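K.L.:
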Amino acid sequence: MRIRFILAVLIFSSESFAETARYRVVWTGDPSTTATIAWDQIQGDDPVLYYGTKNVKGDLKKFKHFTKPTRNVPDYRGMNNMFVRLENLQPDQEYFFVIKDSEGVSSQYWFRTAPDKPKAFTCIVGGDTKSYGSALIAGRESNMMTSKLRPLFVIFVGDFNSGNGLPSSRWQQWFDDWFLLTTTYDERLIPIVPVHGNHEDGDKTVLHHLFDVPYQGDNKENIYYDMAFGDFFSFLALNSQINAEGAQTHWLEEHLKKYKDYTFNTAGYHKPFFPHTSRKRENEHLYKLWANLFFSYGLDLSFDADSHITKMTYPIRPSNEKGSHMGFIRDDKKGTMYLGEGSWGAGPRSTDDLKPWTLRSGAFNQIKWLHVFPEEKGKPARIDIRTVITADKTEDGRLIPYSHGVVPLKEGQEFDIPKGIKLFTTEPYGDVISFPFSEK
Ligand SMILES: [Fe+2]
0 MRIRFILAVL
10 IFSSESFAET
20 ARYRVVWTGD
30 PSTTATIAWD
40 QIQGDDPVLY
50 YGTKNVKGDL
60 KKFKHFTKPT
70 RNVPDYRGMN
80 NMFVRLENLQ
90 PDQEYFFVIK
100 DSEGVSSQYW
110 FRTAPDKPKA
120 FTCIVGGDTK
130 SYGSALIAGR
140 ESNMMTSKLR
150 PLFVIFVGDF
160 NSGNGLPSSR
170 WQQWFDDWFL
180 LTTTYDERLI
190 PIVPVHGNHE
200 DGDKTVLHHL
210 FDVPYQGDNK
220 ENIYYDMAFG
230 DFFSFLALNS
240 QINAEGAQTH
250 WLEEHLKKYK
260 DYTFNTAGYH
270 KPFFPHTSRK
280 RENEHLYKLW
290 ANLFFSYGLD
300 LSFDADSHIT
310 KMTYPIRPSN
320 EKGSHMGFIR
330 DDKKGTMYLG
340 EGSWGAGPRS
350 TDDLKPWTLR
360 SGAFNQIKWL
370 HVFPEEKGKP
380 ARIDIRTVIT
390 ADKTEDGRLI
400 PYSHGVVPLK
410 EGQEFDIPKG
420 IKLFTTEPYG
430 DVISFPFSEK
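Residues in the sequence shown are numbered consecutively from 0, following numbering that gives the first Met the number 0.
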């Protein structure tokens, strides 16, 4: 049995980890025309990325474009990180690619660019993975669920590994898991939009060096940036782990203004303003800096993580009037819905700090699955939000995994609800909470 296992690992390694490994597609800026493809160049020299919109089944001569890496970060977290920043891509297109180096040619993978006009899509939002134990296994469940739901992209709201973000082996494991488990059965890579969390605080430049995300000004620790497409959807990746005052809050206001007329505007940051577990401290300074701006510029959804639970609020706005609680009051028409709080893989905590404006909260491993629809045939634009339970625990602490019973969606079926999926129900709304929100 053991020999067979070792043999399987050897065969698997020689095919999948040849000279390049740990592929990831990263989205920042405008993903209808740009994307960054990154990988770990383990061996071999002179890598070249061949790519194009046609499925040429890996035949080098048939790719329309090729380019060398635009950035190399060698010897960082034990990896030789290569980046190709692709530009002038066609919107809403499949892009196929291989990497050729002195040792050979990789398998062919592909990804999809974002549309450049309002068009329905799905995405997944979550955060908090761990590096060992049942929390690592639970994180892999969420990764596999992501592969089966094949969203257009994932927003990952921080905390990639256990510890302070410095151990190389943990990052290598994270990227192996991400590449091997979130890639779909037909080799489609799911782009990631990463956000900095407190478990990355050991090196606050880490997302720039491993994902090539931009920083602001001349300080590489100032990692916050925007991602938006099609006059339709914007996401502001904020950073709760650096000074939020001054430059960052000024940047936030500028970018909320910039995207004001988009159909849906969202923002993400790791630490919730007011966590739904008593085990975590309040982050009132972030509330004071950002909540009013969110409301003034009509932010629709806010994403956070960190607490290892799930929460969804009613639409709320800052207020000190009668009926408000911790500076927020429910406002179904104009408020922002706050979704979070992590538990992609990390062990769930108790949800013992609910608020009057909490719509739903629970303790299990989960990802948020968003179906985003533009206005169509007189029907207003909306976002359907589902909380997908990816793992849970028995009373005696054993992990219950939920991904393997789920039938993977096929390309073109991304809005279907797959058989075997376990969704968190909120009565009287059922499995779906829609934004704009209306009471049933
Ligand atoms: Fe955290």
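The beta-carbon is built from N, C-alpha and C at its ideal position, and this holds for glycine as well.
Owing to the predicted nature of the structure, the values given are computational and were not obtained by experimental measurement.
Going by the CB atoms, is the gap between V371 and F232 shorter than 8 angstroms?
P.N.:
Within the sequence shown, residue 232 is the residue found at index 233, counting from 1. Within the sequence shown, residue 371 is the residue found at index 372, counting from 1. Against a cut-off of 8 angstroms, the Cβ pair of V371 and F232 comes out as a contact.
K.L.:
Would you say N71 touches ligand 1, meaning its beta carbon is less than 7 angstroms from a heavy atom?
P.N.:
In the sequence shown, residue 71 corresponds to position 72, counting from 1. No, ligand 1 has no heavy atom inside 7 angstroms of this Cβ.
K.L.:
Residues bridged to M311 by DSSP?
P.N.:
Taking the first residue of the sequence shown as position 1, residue 311 is located at position 312. Note: M311 sits in a beta bridge opposite L338 and R359.
K.L.:
Give me the Cα-Cα distance between I2 and F272, rounded to the nearest whole angstrom.
P.N.:
Start at 1 with the first residue of the sequence shown, and residue 2 comes out as number 3. Start at 1 with the first residue of the sequence shown, and residue 272 comes out as number 273. The pLDDT assigned to I2 is 44, lower than 50, so where the model puts this residue is not dependable; a value taken from the coordinates is nonetheless given after this. Spanning the two alpha carbons is a distance of roughly 51 angstroms.
K.L.:
Is the distance from the Cβ of P317 to the Cβ of R381 below 8 angstroms?
P.N.:
Along the sequence shown, read from residue 1 onward, the residue named residue 317 stands at position 318. Along the sequence shown, read from residue 1 onward, the residue named residue 381 stands at position 382. No, these two residues do not count as a Cβ contact at 8 angstroms.
K.L.:
Hey, S146 and T121: beta-carbon distance below 8 angstroms or not?
P.N.:
Within the sequence shown, numbered from 1, the residue matching residue 146 stands at position 147. Within the sequence shown, numbered from 1, the residue matching residue 121 stands at position 122. No.
K.L.:
Which first and last residues belong to the beta strand (DSSP E) in which R381 is found?
P.N.:
In the sequence shown, the residue the question calls residue 381 occupies position 382. Segment R381 to K392, the beta strand (DSSP E) holding R381.
K.L.:
According to the neighbour-count rule (16 or more other Cβ atoms, all chains shown, within 10 Å of its Cβ), is N71 buried or exposed?
P.N.:
To locate residue 71, count along the sequence shown from 1; it is residue 72. Exposed: under 16 other Cβ atoms inside 10 Å.
K.L.:
Let me check understanding here. Comparing Cα to Cα, which of A113, D303, T262 and D299 lies closest to N282?
P.N.:
As a first step, residue 282 must be located in the sequence shown, where it is residue number 283. It is D303.
K.L.:
Could you spell out the range, first to last residue, of the beta strand (DSSP E) harbouring Q40?
P.N.:
As a first step, residue 40 is located in the sequence shown; it is residue number 41 there, counting from the start. From DSSP, the beta strand (DSSP E) with Q40 extends over A34 to Q40.
K.L.:
Looking only at its own chain, which residues have a Cβ that is under 6 angstroms from the Cβ of P90, when we skip the five neighbours before and after it?
P.N.:
Sequence index remark: in the sequence shown, residue 90 carries index 91 (1-based). S31, T112, P114 and D115, listed in sequence order.
K.L.:
Please determine, among D127, F363, D305 and D58, the residue with the shortest C-alpha to C-alpha distance to P274.
P.N.:
If you number the sequence shown from 1, residue 274 lands on position 275. Ranking the options by Cα distance to P274, first place goes to D305.
K.L.:
As a quick check of your reading: which residues have a C-beta less than 5 angstroms from at least one non-hydrogen atom of ligand 1, in chain order?
P.N.:
D158, G196, N197 and D305
K.L.:
Going by the beta-carbon positions, is the gap between K256 and Y296 smaller than 8 angstroms?
P.N.:
As a position in the sequence shown, residue 256 is number 257, starting the count at 1. As a position in the sequence shown, residue 296 is number 297, starting the count at 1. Contact flag set, yes.
K.L.:
Between G157, S161 and G341, which lies nearest to L237 when the distance is taken from Cα to Cα?
P.N.:
Your numbering for residue 237 matches position 238 in the sequence shown. Among G157, S161 and G341, the Cα nearest to that of L237 is on G157.
K.L.:
Give the C-beta separation of Y337 and I315 to the nearest angstrom, bearing in mind that I take them to be a contact with Cβ-Cβ under 8 angstroms.
P.N.:
As a first step, residue 337 must be located in the sequence shown, where it is residue number 338. As a first step, residue 315 must be located in the sequence shown, where it is residue number 316. The pair is a contact, with the Cβ atoms about 7 angstroms apart (cut-off 8 angstroms).
K.L.:
Does R139 come out as helix, strand or coil in the three-state DSSP assignment?
P.N.:
For the purposes of this step, residue 139 is identified with residue 140 of the sequence shown, where counting begins at 1. R139: helix per DSSP, three-state reduction.
K.L.:
Under the three-state reduction of DSSP, which class applies to Q412: helix, strand or coil?
P.N.:
As a working note, residue 412 is residue 413 in the sequence shown. Note: Q412 maps to coil in three-state DSSP.
K.L.:
Spell out the partners DSSP gives T183 in its beta bridges.
P.N.:
Indexing the sequence shown from 1 puts residue 183 at position 184. Answer is none; T183 lacks a bridge partner.
K.L.:
Measuring only the C-alpha atoms, how far is N163 from D58?
P.N.:
Sequence index remark: in the sequence shown, residue 163 carries index 164 (1-based). Sequence index remark: in the sequence shown, residue 58 carries index 59 (1-based). For the pair N163 and D58, the Cα-to-Cα distance works out to about 42 angstroms.
K.L.:
Look up W368 in the DSSP assignment and say whether it is helix, strand or coil.
P.N.:
Residue numbering aside, residue 368 sits at position 369 when the sequence shown is read from its first letter. DSSP places W368 in the strand class (E or B) of the three-state scheme.
K.L.:
Which class does G267 belong to by DSSP, given the choice of helix, strand or coil?
P.N.:
Looking up residue 267 in the sequence shown gives position 268. Reduced to three states, the DSSP call for G267 is strand.
K.L.:
Beta strand (DSSP E) containing H64: first to last residue?
P.N.:
Reading the sequence shown from its first residue, position 65 is the one you call residue 64. Here the beta strand (DSSP E) through H64 covers H64 to T66.
K.L.:
Should Y313 and W343 be called a contact, given that it needs their Cβ atoms to be closer than 8 angstroms?
P.N.:
Walking along the sequence shown from the start, residue 313 turns up at place 314. Walking along the sequence shown from the start, residue 343 turns up at place 344. It is not a contact, given that the beta carbons lie outside the stated cut-off.
K.L.:
Can you tell me which residues form a DSSP beta bridge with Y75?
P.N.:
As a working note, residue 75 is residue 76 in the sequence shown. Beta-bridge pairing links Y75 to M78.
K.L.:
Just verifying my parser: in three-state terms, what is the DSSP assignment at H324?
P.N.:
The residue given as residue 324 occupies position 325 in the sequence shown. Three-state result, H324: strand.
K.L.:
Quick one: what does DSSP say G103 is sitting in, helix, strand or coil?
P.N.:
Translated into positions along the sequence shown, residue 103 becomes position 104. Strand, per DSSP.
K.L.:
Using a 10 Å radius around the Cβ and a threshold of 16 neighbouring Cβ atoms, would you call L350 buried or exposed?
P.N.:
Counted from its first residue, the sequence shown places residue 350 at position 351. For clarity, residue 350 is Thr in the given sequence; the question names Leu instead. Buried, because 16 or more other Cβ atoms sit within 10 Å of the Cβ of T350.
K.L.:
Round the Cβ separation of T262 and P190 to the nearest angstrom and send it over; I've been treating them as touching at under 8 angstroms.
P.N.:
For the purposes of this step, residue 262 is taken as residue 263 along the sequence shown, with counting starting at 1. For the purposes of this step, residue 190 is taken as residue 191 along the sequence shown, with counting starting at 1. The Cβ separation is near 20 angstroms, so there is no contact.
K.L.:
Out of E320, K332, M311 and R84, state which residue places its alpha-carbon closest to the alpha-carbon of L369.
P.N.:
In the sequence shown, counting from the first residue as 1, residue 369 sits at position 370. The option with the nearest alpha carbon to L369 is M311.
K.L.:
If we count the other Cβ atoms within 10 Å of its Cβ and call it buried at 16 or more, is G132 buried or exposed?
P.N.:
Taking the first residue of the sequence shown as 1, we reach residue 132 at position 133. G132 comes out exposed.
K.L.:
Counting pairs of beta carbons, one from the stretch 87–106 and one from the stretch 201–217, are three or more of them closer than 8 angstroms?
P.N.:
no
K.L.:
If I measure Cβ to Cβ from R280 and keep anything under 8 angstroms in the same chain, skipping five residues before and after, which residues do I get?
P.N.:
Within the sequence shown, residue 280 is the residue found at index 281, counting from 1. So the list reads P274, once near-sequence residues are dropped.
K.L.:
State buried or exposed for L353, treating a residue as buried only when at least 16 other CB atoms are found within 10 Å of its CB.
P.N.:
As a first step, residue 353 is located in the sequence shown; it is residue number 354 there, counting from the start. Label assigned to L353: exposed.
K.L.:
Please name the residue, chosen from T33, E394 and F414, that lies closest to K118 on a Cα-to-Cα basis.
P.N.:
Taking the first residue of the sequence shown as 1, we reach residue 118 at position 119. Closest option to K118, Cα to Cα, is F414.
K.L.:
So what's T425 in DSSP terms, helix, strand or just coil?
P.N.:
Taking the first residue of the sequence shown as position 1, residue 425 is located at position 426. Reduced to three states, the DSSP call for T425 is strand.
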